[in-house]
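Okay, structure first, notes after.
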Amino acid sequence: MALDMRYFEEMEAKIPRGKVRTRFAPSPTGYMHVGNLRTALYTWLIARNAGGTFILRIEDTDQTRQVEGATELIYRTLAECKLDHDEGPDVGGPVAPYIQTQRRDTYGKYARLLVEKGHAYYCFCEKTESEEDAGDFDRGEDPCRELDPAQAQARVDAGEPYVIRQKIPREGTTTFHDAIFGDITVENKTLDDQVLIKRDGLPTYNFANVVDDHLMGITHVVRGSEYLSSAPKYDLLYRGFGWEVPTYVHCSPVMRDAQHKMSKRHGDPSYEDLKAQGFLTEAILNYVALLGWSPRGELAEREIFSLEELAQAFDLEGMSKSPAIFDLDKLTHFNALYLRAMAPEEFARVAEPYIRQSVKNPALDAAEIAALLQARCEKLTDIPEKVDFFDALPDYDVNLFANKKSKSTLDSSKEMLSAAVGMLANLPNWKPEMIHDSLAGLAEGLGVKNATLMWPVRIAAAGKAVTPGGAVEICHILGREETVRRLKLGLEKLS
RNA sequence: GGCCCGGUGGUCAAGCGGUUAAGACUCCGCCCUUUCACGGCGGCAACACGGGUUCGAGUCCCGUCCGGGUCACCA
1405 MALDMRYFEE MEAKIPRGKV RTRFAPSPTG YMHVGNLRTA LYTWLIARNA GGTFILRIED
1465 TDQTRQVEGA TELIYRTLAE CKLDHDEGPD VGGPVAPYIQ TQRRDTYGKY ARLLVEKGHA
1525 YYCFCEKTES EEDAGDFDRG EDPCRELDPA QAQARVDAGE PYVIRQKIPR EGTTTFHDAI
1585 FGDITVENKT LDDQVLIKRD GLPTYNFANV VDDHLMGITH VVRGSEYLSS APKYDLLYRG
1645 FGWEVPTYVH CSPVMRDAQH KMSKRHGDPS YEDLKAQGFL TEAILNYVAL LGWSPRGELA
1705 EREIFSLEEL AQAFDLEGMS KSPAIFDLDK LTHFNALYLR AMAPEEFARV AEPYIRQSVK
1765 NPALDAAEIA ALLQARCEKL TDIPEKVDFF DALPDYDVNL FANKKSKSTL DSSKEMLSAA
1825 VGMLANLPNW KPEMIHDSLA GLAEGLGVKN ATLMWPVRIA AAGKAVTPGG AVEICHILGR
1885 EETVRRLKLG LEKLS
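The working numbering puts the first residue of the first sequence at 1405, with every later residue one more than the last.
Okay, here's the thing in structure tokens:
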């Protein structure tokens, strides 16, 4: 059966041209790790920076690794991160479908085309089992490579199982160009005749990727640097078809430490995990963007970028060649910066659920508590343990009342507290200014520095050495009645 | 092991032949202060090593060492 050349012409005709087109092409394995997210981000940034098109393609050619709900996780994550795609399985587009298993027929046709062109061949060898010990595996000379084409075709037609392999030249070298790494040359004899079409009829990643990237008009192929060593084979594929080679952008990995990539297996956090740990999406994206890319020139010292600003500033020049270690401390710092930069109302909104985890009493104002927290937490998950004293006074040690720096002793505390209780109980109102001014006035009247009075009041009110906010704020939130009660309790402790 | 790639403070990094080698995180001091934070100021700390090339090398070349990737009918 002859190949229908019109099919290929029609496919070619559909390819959009003239604009930058990039694609994020995850396989749905149920997990968005940080390196993946960063690749998606860079891919999106390249498209947006150029006013181009960003495409989502699902690479599900490995039927044994399908994970339920994995595709949904990808959609959800991209949406949450605001990495919007212009074309994809859910929104369609000019080169649909965008799911590889739905393109299955296409790959077979192109593989046959490549066989005709002499750059691929049918292989009937038994599947080799012993590849596990990847030490020194050599497939050796494949007899199928030199099979007579007509004969091979006859065996295929007779229903004999086969795979299609790429026919790599035995001699010479192949040089390809990468936008980050520059020109890379390898000897062809180090390249193997990789499988293009598997025995089950589905394409391998290596083949599907090349065919789809071409047919979808992808101009910049962004992927992890683990594909760098297969890139010459992809180049040979493009050339075999007579296609234009896209710009390769191979990104160095995100590492857990100097010798290990971030991985699920080692319990390294995924995007979802980080969210659950109290990190903000914006902070994660900002941090991750700078792990492997940095602005140059004028912007070289800048670290805080919104997505829009990143899209504006992004360039391939700033991409790093070496692996980068993921540093939770620095992400935490970015998160703290984002938290502090939020409008107070916005912060109160996101903080409230965390506050309510330990402050159940509805009489206590969450927004007012949030105000104390904004400069004092780096992650939202820091919140609950910081505000636990509002609901219930901890059973604290009386020695907390002694503090050298504040010139506070057990004796002075007793005196300060009894003066404060009397005064606070009779304040004309319970406004923060009133509490503050009266307490400050009292300290002045007693001839002590503010801290000497404020320290025991805060300790008695909170029962903790370290608290968000000072005596005035805490008393105000607690309310007069509860404040007076706690101060009296403190007094009892001291006597 | 073969092939490919990388190597500036503990971490992320700027640097593209001439700089006192930026900046950020971490850590440590000091100031501010009603505890803690925030904020401000200051400090510790780096060009893996050896050869070249050059008047001059973190920057260019070679070698060594170290690290990573890859060598699947996985992606």
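Each residue gets a CB set at the ideal place from its N, CA and C atoms; glycine is no exception.
Model, not experiment: these values are computed from the prediction.
Enumerate in chain order the residues of its own chain whose CB-to-CB distance from residue i is below 6 angstroms, with the five nearest sequence positions on each side excluded.
i	result
M1620	V1499
K1668	Y1435
E1533	Note that E1533 scores 49 on pLDDT, short of 50, meaning its location in the model is unreliable; the coordinates nonetheless yield the value given after this. Around E1533: no qualifying Cβ.
G1873	L1776
L1850	none
From residue i to residue j, what does the alpha carbon distance come to, in whole angstroms?
i	j	result
D1537	E1545	The predicted position of D1537 is uncertain, since its pLDDT is 39 and thus under 50; no value can be drawn from it.
K1811	F1794	26 angstroms
T1608	Y1691	34 angstroms
I1478	R1507	20 angstroms
L1797	V1825	17 angstroms
T1785	F1683	8 angstroms
K1725	P1493	32 angstroms
E1712	L1487	11 angstroms
Y1446	T1871	41 angstroms
T1623	R1660	31 angstroms
C1485	R1890	46 angstroms
T1887	A1755	24 angstroms
L1828	P1757	31 angstroms
C1655	L1703	22 angstroms
T1856	Y1675	47 angstroms
T1651	H1581	8 angstroms
L1838	L1831	According to the sequence displayed, residue 1838 carries Met and not Leu. One C-alpha to the other measures close to 8 angstroms.
G1894	K1809	20 angstroms
G1539	W1647	Low confidence applies here, because G1539 scores a pLDDT of 36, under 50, leaving its location unreliable; read the following figure in that light. Those two C-alpha atoms are separated by around 35 angstroms.
E1530	K1571	18 angstroms
P1699	A1717	7 angstroms
L1814	H1880	24 angstroms
R1516	E1416	17 angstroms
V1560	L1640	25 angstroms
T1736	E1476	28 angstroms
With DSSP run on the structure shown, which of helix, strand or coil describes residue i?
i	result
Y1566	coil
M1436	coil
Y1652	strand
P1607	strand
M1746	coil
L1595	coil
E1535	At E1535, the pLDDT of 43 sits below 50, so the modelled position is not reliable; the number obtained from the coordinates is stated separately. Helix at E1535.
T1481	helix
F1585	coil
W1448	helix
A1728	strand
L1460	strand
R1427	strand
T1813	coil
H1880	helix
Q1674	Just to set this straight, residue 1674 is Ser in the shown sequence, not Gln. Correct three-state label for S1674: strand.
H1664	strand
G1422	coil
Would you give the residue range spanned by the beta strand (DSSP E) that residue i belongs to?
i	result
L1600	V1599 to I1601
A1524	A1524 to C1527
V1626	H1624 to G1628
R1574	No beta strand (DSSP E) holds R1574; DSSP gives it neither H nor E.
Go through its chain and collect everything with a Cβ distance to residue i's Cβ below 7 angstroms, but skip five positions before and after it.
i	result
E1564	F1528
N1397	Given that the chain is displayed from residue 1405 to residue 1899, the structure contains no residue 1397 and the question cannot be resolved.
Q1778	L1743, R1744, P1748 and F1751
E1574	At residue 1574 the sequence reads Arg, which differs from the Glu that was named. These residues qualify, in order along the chain: N1592 and K1593.
Let's see if you can read the secondary structure: which residues bound the alpha helix (DSSP H) around residue i?
i	result
R1780	It is not in any alpha helix (DSSP H) - R1780 carries neither H nor E in the DSSP assignment.
F1412	M1409 to K1418
L1891	R1884 to L1898
I1863	N1854 to A1866
V1692	T1685 to A1693
D1661	That residue, D1661, is in no alpha helix (DSSP H); its beta strand (DSSP E) goes V1658 to D1661.
Decide if residue i is buried, meaning its Cβ has at least 16 other Cβ atoms within 10 Å, or exposed.
i	result
T1579	exposed
K1637	buried
K1521	exposed
P1420	exposed
T1468	exposed
H1670	exposed
L1407	exposed
E1427	A quick correction: the sequence has Arg, not Glu, at residue 1427. Classification of R1427: buried, given that the 10 Å Cβ count is 16 or more.
E1535	The predicted model places E1535 with a pLDDT of 43, which falls under 50 and marks its position as unreliable, so this point remains unresolved.
Return yes when at least one heavy atom of the ligand FAD lies under 6 angstroms from the C-beta of residue i, else no.
i	result
S1698	The ligand content of the structure shown is nil, which means the ligand FAD is not present either.
Within its chain, find whatever has a CB closer than 8 angstroms to the CB of residue i; leave out the 5 residues flanking it on each side and keep chain order.
i	result
Q1470	P1432 and D1464
K1418	P1498, V1499 and L1619
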